[in-house]
Ligand SMILES: Nc1ncnc2c1ncn2[C@@H]1O[C@H](COP(=O)(O)OP(=O)(O)OP(=O)(O)O)[C@@H](O)[C@H]1O
Ligand SMILES: [Mg+2]
């Protein structure tokens, strides 16, 4: 695939044209309205706490975690968590463009993988690889078995040699497709799921902010949006807000209903 693929508007990381660069401050801005369910919050907090106690861990000869894999359905906050991690660690986020890494000549894919890991070795960052399954597919599942195994082997090697102050994060919707040997390399695993009623209410509150709304809209909307991802909810609430603004009215349940009918979220 072309190195000058679709994401040309993304900021480029210096010295590596396969990734976008986000300064820590930008990452902080992006995560203002994030809902991190308690279990994942605990995992992230523990991860960050450990990084702040490096010497203590060295004294005990216990390795520091630095590889996180996130899995779960689309629009549930995996990419957002990578931004959050960068923000909390005050590191830049390097978002790898998969279309730029995967090359029709697989030898080049392997060398691209090596390059991005070399970059992270030289400059502390959160290195984030989205749609990770695309390069870390189980060897059995792949048509071009032998060729792809070379990429997977490179990846294994890079993960084994990954050290220093950078963090590696990967996300996938298809954890079953990941190569087992790769899976084992991650010291930290986080599962994402669609929001339940309580999480939906929490997110809708964040989305509503100080936007004027009728009493009960939050509860009604969170019941109405059952089965939606956070990304769906975001689009629907924004649409509903636009309707309210046009009408110069409070946000009402009807706006949510209309927005939902127009947006047609894929539920199930
Ligand atoms: N947990 C969350 N809290 C707040 N907003 C969220 C959350 N999850 C998703 N969103 C909203 O949906 C958008 C998409 O989220 P994100 O990119 O993190 O999803 P994802 O899990 O990485 O999805 P995909 O599997 O499609 O890459 C975000 O920009 C954000 O606005
Ligand atoms: Mg994502």
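Numbering (our numbering), first residue to last: 6 to 273.
In this text, a Cβ means the ideal position worked out from N, Cα and C, and glycines have one as well.
Quick caveat: nothing in here was measured; it's all calculated off a predicted structure.
Residue 215 versus 177, 256 and 101, residue with shortest Cα-Cα distance: Sequence index remark: in the chain shown, residue 215 carries index 210 (1-based). Per the Cα distances, 256.
Straight-line gap, residue 115 to residue 32 (C-alpha atoms, nearest Å): As a working note, residue 115 is residue 110 in the chain shown. As a working note, residue 32 is residue 27 in the chain shown. C-alpha separation (whole angstroms): 29 Å.
So residue 132 packs on residue 174, CB below 8 Å; how close in whole Å? Counting from 1 along the chain shown, the entry for residue 132 is found at position 127. Counting from 1 along the chain shown, the entry for residue 174 is found at position 169. The pair is a contact, with the Cβ atoms about 7 Å apart (cut-off 8 Å).
For residue 268 versus residue 251, is the C-beta distance shorter than 8 Å? Residue numbering aside, residue 268 sits at position 263 when the chain shown is read from its first letter. Residue numbering aside, residue 251 sits at position 246 when the chain shown is read from its first letter. It is not a contact, given that the beta carbons lie outside the stated cut-off.
Ligand 1 heavy atoms versus the CB of residue 40: any closer than 7 Å? Here residue 40 refers to the residue found at position 35 when the chain shown is read from its first residue. Yes, Cβ of residue 40 sits closer than 7 Å to a heavy atom of ligand 1.
Comparing alpha-carbon positions, which option in 236, 199 and 164 lies nearest residue 191? Taking the chain shown and counting its residues from 1, the one referred to as residue 191 is at position 186. Nearest option by C-alpha distance: 164.
CB of residue 200 within 8 Å of CB of residue 171, strictly: Residue numbering aside, residue 200 sits at position 195 when the chain shown is read from its first letter. Residue numbering aside, residue 171 sits at position 166 when the chain shown is read from its first letter. Cβ atoms of residue 200 and residue 171: not closer than 8 Å.
Residue 86: beta carbon under 7 Å from a heavy atom of ligand 2? Position 81 of the chain shown, counted from the first residue, corresponds to residue 86. No, ligand 2 has no heavy atom inside 7 Å of this Cβ.
With a 10 Å radius around its C-beta and 16 neighbouring C-beta atoms as the bar for buried, classify residue 183 as buried or exposed. What you label residue 183 is simply residue 178 of the chain shown in a count that begins at 1. The residue in question, residue 183, is buried, as its Cβ has 16 or more Cβ neighbours within 10 Å.
Would a C-beta distance cut-off of 8 Å place residue 232 and residue 272 closer than the cut-off? Numbered from 1 along the chain shown, position 227 holds the residue referred to as residue 232. Numbered from 1 along the chain shown, position 267 holds the residue referred to as residue 272. Result yes, Cβ atoms of residue 232 and residue 272 sit closer than 8 Å.
Between residue 219 and residue 207, what straight-line distance do the alpha-carbon atoms span, to the nearest angstrom? Position 214 of the chain shown, counted from the first residue, corresponds to residue 219. Position 202 of the chain shown, counted from the first residue, corresponds to residue 207. About 17 Å.
Rounded distance between the beta-carbons of residue 209 and residue 226, thought under 8 Å: One-based indexing of the chain shown puts residue 226 at position 221. One-based indexing of the chain shown puts residue 209 at position 204. With 8 Å as the limit, residue 226 and residue 209 qualify as a contact, their Cβ atoms being about 5 Å apart.
Is the beta carbon of residue 106 less than 8 Å from the beta carbon of residue 23? Counting from one through the chain shown, the residue named residue 106 turns up at place 101. Counting from one through the chain shown, the residue named residue 23 turns up at place 18. Their beta carbons are under 8 Å apart, which means residue 106 touches residue 23 by this criterion.
Looking at residue 136: is its Cβ nearer than 8 Å to the Cβ of residue 103? Within the chain shown, the letter at position 131 stands for residue 136. Within the chain shown, the letter at position 98 stands for residue 103. Cβ atoms of residue 136 and residue 103: closer than 8 Å.
How far does the beta strand (DSSP E) with residue 134 in it extend, from its first residue to its last? Within the chain shown, residue 134 is the residue found at index 129, counting from 1. 131–134 is the extent of the beta strand (DSSP E) around residue 134.
Kindly examine ligand 1 and report whether one of its heavy atoms sits closer than 7 Å to the Cβ of residue 33. The residue labelled residue 33 in the question sits at position 28 within the chain shown. For ligand 1, not one heavy atom lies less than 7 Å from the Cβ of residue 33.
Cβ-heavy atom distance, residue 206 to ligand 1, below 7 Å: Looking up residue 206 in the chain shown gives position 201. Residue 206: no, Cβ never under 7 Å from ligand 1.
Beta-carbon gap between residue 83 and residue 235 smaller than 8 Å: For the purposes of this step, residue 83 is identified with residue 78 of the chain shown, where counting begins at 1. For the purposes of this step, residue 235 is identified with residue 230 of the chain shown, where counting begins at 1. Cβ atoms of residue 83 and residue 235: not closer than 8 Å.
If you follow the alpha helix (DSSP H) that residue 264 is in, where does it begin and where does it stop? Working through the chain shown from its first residue, we reach residue 264 at position 259. It spans 258–268 - the alpha helix (DSSP H) in which residue 264 sits, taken as one unbroken run.
Check: residue 226 C-beta below 7 Å from any heavy atom of ligand 2: Taking the chain shown and counting its residues from 1, one reaches residue 226 at position 221. Checking every heavy atom of ligand 2 against the Cβ of residue 226, none is found closer than 7 Å.
Beta-ladder partner(s) of residue 172, from DSSP: Walking along the chain shown from the start, residue 172 turns up at place 167. Its beta-bridge partners are 131.
Restricting to Cα atoms, I'd like to know which of 87, 169, 101 and 68 is closest to residue 75. Indexing the chain shown from 1 puts residue 75 at position 70. The residue with the shortest Cα to Cα distance from residue 75 is 87.
Can you tell me whether residue 82 sits near ligand 1, meaning its C-beta is under 7 Å from at least one heavy atom of the ligand? For this step, residue 82 is matched to residue 77 along the chain shown. It does: the Cβ of residue 82 is within 7 Å (strictly closer) of some heavy atom of ligand 1.
Report the CB separation of residue 193 from residue 101 in whole angstroms; it is logged as a contact under 8 Å. For the purposes of this step, residue 193 is identified with residue 188 of the chain shown, where counting begins at 1. For the purposes of this step, residue 101 is identified with residue 96 of the chain shown, where counting begins at 1. That pair is no contact at about 18 Å.
Cβ of residue 139 versus every heavy atom of ligand 2: is any distance shorter than 7 Å? Here residue 139 is taken as the residue at index 134 of the chain shown, counted from 1. Because no heavy atom of ligand 2 lies under 7 Å away, the Cβ of residue 139 does not count as near it: no.
What are the partner residues of residue 101, as DSSP defines its beta bridges? As a working mapping, residue 101 is identified with position 96 in the chain shown. In the DSSP output, where bridge partners are listed per residue, residue 101 has 24 and 134.
Taking 8 Å as the threshold (C-beta atoms), are residue 118 and residue 177 in contact? Counting from 1 along the chain shown, the entry for residue 177 is found at position 172. Counting from 1 along the chain shown, the entry for residue 118 is found at position 113. Going by C-beta atoms, residue 177 is not nearer than 8 Å to residue 118.
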